[in-house]
Each structure stands twice: as C-alpha cells, then as structure tokens.
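**Q** Sharing a structure here in structure tokens format.
Numbering (this note's numbering), first residue to last: 16 to 382.
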C-alpha cells in the first residue's frame, strides 16, 4: 500500500473508532444518569449489573448503527480531509500528479466496507441485540416474562377475531385463545393445535353464549373440540414466514417472507397491511446503509474542491444536515407506506434518488 493511502486511511479509521467510542461513552453516561435521577438506577452498581448494563448499551449502539454510523463517517471524513487541506498535504499530493478523485477512492472504499458491516448487522446482530434490549428494559420495569408482549389479534376468513397470548412455532400451537366467533358466542381455548391445518383441535375449551337477557353465560365445556370453522386468511397465518419474519427482524427473512409474485415490488397501496410492513422495513434495511457513501463524498467536495478550506461550521453541518434529512424522508416514507397513503416502492426510493443525485454532483465536481 502506498504511504499516502496508509496515512489517509489510518487518520480516517482512528477518527471513526474514536468517535464511535466517544458516542458510546456519551450515550451510556447520559442514559444511566437520567435513570439514576429518576430513581430507576443507582450510581453504585455491582460488577454483574455493570456487565449487563454494558451489554445493554452495546445492543443499543448496534440497534442505532444504521443512523449513527453515517453521521460518524461524515464527521471522521471531515476531520481527516479538513486537517490534510489545512496542512497543505492535499496540495502536495496534487502537485505529485494525484487527482482529487483518486485521493478519496480509499475513503469511498472504507465507506463501502462500513455499508457492508451495516448489512451484516441487519442480518445477524440486529435480531440478537433487539431481544437483549427488550429483555433488559422489561426487567427494569419488573414486567413478568409472560406479560411482555401485547395480545396479538388475527382476523379469520369469516371476519371473526382470534386473540392469543403466545405461539409455539415448532408444535404449531396457539396458547390461551379467545375466539370471538360472533357477538353472541365466544370460545376460550387453553391450547389450539394446528397439526392438521384444515382441522384445528382445541383442548380445555370453554364456550360462552348469549341468553335472552343479553348476558354471556357459560354454555359448555369440552376437554377436546375440533374447530373446522377456524380458517386463516391468505396472509394471516401465524405460522407462515410472513409472521415469523416480522419477529426476527432479519434482512433475509424479510426478503423470503414477502410474496413478490403476488404484489410485485410495491407499486400499489392495495396491499395487505402485514405485507406493507414487511415491504417498508425491507426497503429501509436495503437503502439506509448507502448513506455511508454520501457521508464520504460530500465532505470531500466541501474540503477539497476549493483552494481555501471552508469554515469549520459549514464543513461539518452540511454533511450532517444532508444525512439527517435523508433519514427524515426515509422514515417518513416508512410511515406513509405503512399507512397505505403512497405506494411503498416510489416513496422509499425518492430519498435514495435525491441522495444519489447529490452524491453524484459532489463527486463529479472533484477533479
């Protein structure tokens, strides 16, 4: 590797790692101090509690990496290039025949590496860290494990409502069921097994029905009862990939769960809500890491394009402003897509197209 490349990359990566460490320390200290002030934590903690806290804050950093890393890259690139321009090191490299585009090529490659790291994060680390974070937050609130999740609701083909407290994917079982068959009939089932999908079998079934006075009373109890009427809609089967992907939050799981042949890439708003959620989340995971490339190119344009270095305020604020604006529009696209206001694909691609144009313009102006 050439000496100038080694020098440039060393400065950039040391700046990036130092900023990441400082961001972690800052977030940890502020978050823990706020909880201590509110009485939810103590300033004096044991070694085991400290390990759990560090694991929690590391998980939080991983969960926010898609937004945090582009910001840190923009600052690290500005620090590196601003320093080199101020010391006339860039001028010396240009005098030796090196173009500005060649100068920032190693930094763009570094941005590409961080982009791949974010994709790997979405595939492997993100699901694990999300579980760790949720477990820690619930333990702080002293919420029992069995009451952690909200009660899920399913709409069957006959438009009746099925409520359940938990699901066992391996045994194809729903636990603690309330099936609101009609306003005049409700079933409570301890376990509902779908070993035969067309003929679910319930155990310890209690039947409530309406009486002429308008009250629901116990009308029957069965140790075992078949429910051929319970039939899930096309995209409401809790044992399908569509459901499990949303729980795993893994990039590949989202891709495999989306019925692309039925709904395409998301050009219509007439898509089931559950599919919209998967589409918008998949596109967010696919698009957001690309901001790392822009976070390299814009600081390079600002710090290297002109004979004089720009004011430090502009050198830092413009790249951060562009990156933050991109994420604001991307998050807004997720909300609009999930609400069926606009088609998923166009509304998610618009921020990427604008970002690509800004990046291309900045890169093309470098000589």
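Beta carbons are placed, not taken as given, at the ideal position from N, Cα and C, and that holds for glycine.
(1) Once DSSP output is grouped into helix, strand and coil, what is the label at residue 137?
(2) Look at the alpha carbon of residue 91 and the alpha carbon of residue 356, and state the distance between them as a whole number of angstroms.
(3) Take every Cβ of the region 65 to 84, pair it with every Cβ of the region 18 to 25, and state whether three or more of those distances are shorter than 8 Å.
(4) Can you tell me whether DSSP reads residue 48 as helix, strand or coil?
(5) What are the boundary residues of the beta strand (DSSP E) that residue 187 is part of?
(6) Run through the DSSP bridge pairs and tell me what residue 11 is partnered with.
(7) Can you list, in chain order, the residues of its chain whose CB lies under 6 Å from that of residue 193, leaving out five sequence neighbours each side?
(8) Considering Cα atoms alone, identify which of 218, 328, 336 and 295 is closest to residue 358.
(9) Give me whichever residues DSSP pairs with residue 225 in a beta bridge.
(10) Comparing alpha-carbon positions, which option in 68, 337 and 379 lies nearest residue 148?
(11) Give me the Cα-Cα distance between residue 28 and residue 122, rounded to the nearest whole angstrom.
(12) Following the continuous beta strand (DSSP E) through residue 206, name the residue where it begins and the one where it ends.
(13) Would you identify the three-state DSSP class for residue 109, choosing helix, strand or coil?
(14) Determine, using beta carbons only, whether residue 330 and residue 317 come nearer to each other than 8 Å.
(15) Which whole-angstrom value is the C-beta distance of residue 313 and residue 345, which I expect to be below 8 Å?
**A** This is what the structure gives:
(1) helix
(2) 38 Å
(3) no
(4) helix
(5) No beta strand (DSSP E) holds residue 187; DSSP gives it neither H nor E.
(6) Residue numbering for the chain in the displayed model covers 16 to 382; residue 11 lies beyond these limits and cannot be assessed.
(7) 178 and 203
(8) 295
(9) 231
(10) 68
(11) 9 Å
(12) 200 to 208
(13) helix
(14) yes
(15) Contact doesn't hold; Cβ gap of about 17 Å is too wide.
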